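Those letters in the sequence shown? Residues 105 to 205, per the working numbering, in order.
Have a look at the structure below before the remarks.
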Amino acid sequence: MKSGDSLPQLPAHGALLQLAILKIGTSCALAVVPVDLRCEYLSEPLGVDAAVPRLSWKLADADAVRGQKQTAWQIRAASRLELLEEGRADLWGSGVVQSPQ
């Protein structure tokens with residue numbers, strides 16, 4: 105699936121979504137994690153009726169290193185956690201998206 109494609113209607117039991125921050129500035133990305141994940145401004149969205157829902161997140165840095173920034177991101181949706189752990193998405197995938205923010 106290509107970036108920009110609309111999300112499929114996900115089952116009510118909840119597809120697992122994974123936000124993978126691919127590259128954070130020039131420092132080690134392991135200390136930076138996405139937090140406050142939201143879909144259409146909701147932290148626990150149910151029944152979102154948007155063909156292209158707005159997704160947002162904040163970055164938290166455990167080491168409090170200044171000047172880090174996100175340069176790319178990728179979102180995956182899978183029916184099972186095991187697929188996400190293998191880096192696979194059977195429901196939807198954004199592909200790698202370069203981001204200046």
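The beta-carbon is built from N, C-alpha and C at its ideal position, and this holds for glycine as well.
Computed from a prediction, not measured in an experiment: that's the story for all the values here.
- CB-CB under 7 Å to E144, same chain, minus the five flanking residues each way: which ones, in chain order? On the sequence shown, residue 144 is found 40 positions in, with the first residue counted as 1. These residues qualify, in order along the chain: V152, A154, P157 and R158.
- Item | Residues that DSSP places opposite Q202 in a beta bridge | Residue 202 sits at position 98 when you count from the first residue of the sequence shown. Answer is A176.
- Item | Candidates D167, R180, R184 and A181, of which the one nearest A135 by Cα | Numbered from its first residue, the sequence shown carries residue 135 at position 31. Cα-wise, what sits closest to A135 is D167.
- L159, enclosing beta strand (DSSP E) - first and last residue: Taking the first residue of the sequence shown as 1, we reach residue 159 at position 55. Here the beta strand (DSSP E) through L159 covers L159 to D165.
- DSSP puts V137 in a beta bridge; with which residues? If you number the sequence shown from 1, residue 137 lands on position 33. Answer is A164.
- Host alpha helix (DSSP H) of L282 (start-end): There is simply no residue 282 to check, as the chain begins at 105 and stops at 205 in what is shown.
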